[in-house]
């Protein structure tokens, strides 16, 4: 939701939605920015029923997102950071997190806002974390996307 053509007006109308934020613990500074951004995004949307659940890393986000959806969340916001290292581990974790979060959303019908940064460097992650001086605020964007999708699904009786 960033860059040219991205929505300029915050999503509103999320009053009454229950949202779970599942957040990885790796890269504390970046995660702090993502969590703050998600909080701002949810508050801007009018969501007050928010629960934050921490998991070890991005690989564990899908199972937590699926559990949150099964427990009755109207939307889930998944936040994590994976920074490329010198081994293929980066590729495996990114693939597993992306596919797993997609599967969780499709299997449960509960939207999952994708706030997993997959960056080559820590500087790239910091630039997307919504911190002072960051160019992007991916936590805010993921929260807004999750709420917007939950609201859109209401048109189908969800």
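Residue numbers (our numbering): 2 to 159. Glycine included, every Cβ here is placed at the ideal spot set by N, Cα and C.
Classify residue i: buried if its beta carbon has 16 or more other beta carbons within 10 angstroms, exposed otherwise.
i           : result
residue 107 : exposed
residue 156 : exposed
residue 145 : buried
residue 15  : buried
residue 90  : exposed
residue 133 : exposed
residue 86  : exposed
residue 75  : buried
residue 46  : buried
residue 129 : buried
residue 98  : buried
residue 34  : buried
residue 49  : exposed
residue 158 : exposed
residue 72  : exposed
residue 149 : buried
residue 100 : exposed
For residue i, which three-state DSSP category applies?
i           : result
residue 111 : coil
residue 99  : helix
residue 13  : coil
residue 55  : strand
residue 82  : strand
residue 150 : helix
residue 92  : helix
Give the DSSP bridge partners of residue i, in chain order.
i           : result
residue 77  : 21, 113
residue 130 : 138
residue 40  : Bridge partners of residue 40: none, in fact.
residue 118 : 82
Apart from the five residues just before and just after residue i, which ones in its own chain have a Cβ nearer than 6 Å to its Cβ?
i           : result
residue 38  : 131, 138, 140, 141
residue 147 : 76, 78, 112, 114
residue 58  : 25, 27
Keeping to the same chain, check which residues put their C-beta closer than 8 Å to that of residue i; ignore five residues upstream and five downstream.
i           : result
residue 102 : 62, 63, 66, 79, 113, 115, 117
residue 11  : 42, 45, 46, 145
residue 136 : 128, 129
residue 17  : 50
I'd like the list of long-range same chain contacts for residue i, defined as Cβ closer than 7 Å, with 5 residues on each side in sequence excluded.
i           : result
residue 123 : 84
residue 119 : 83, 95
residue 41  : 141
residue 70  : 77, 105, 109, 111
residue 21  : 52, 54, 69, 74, 77
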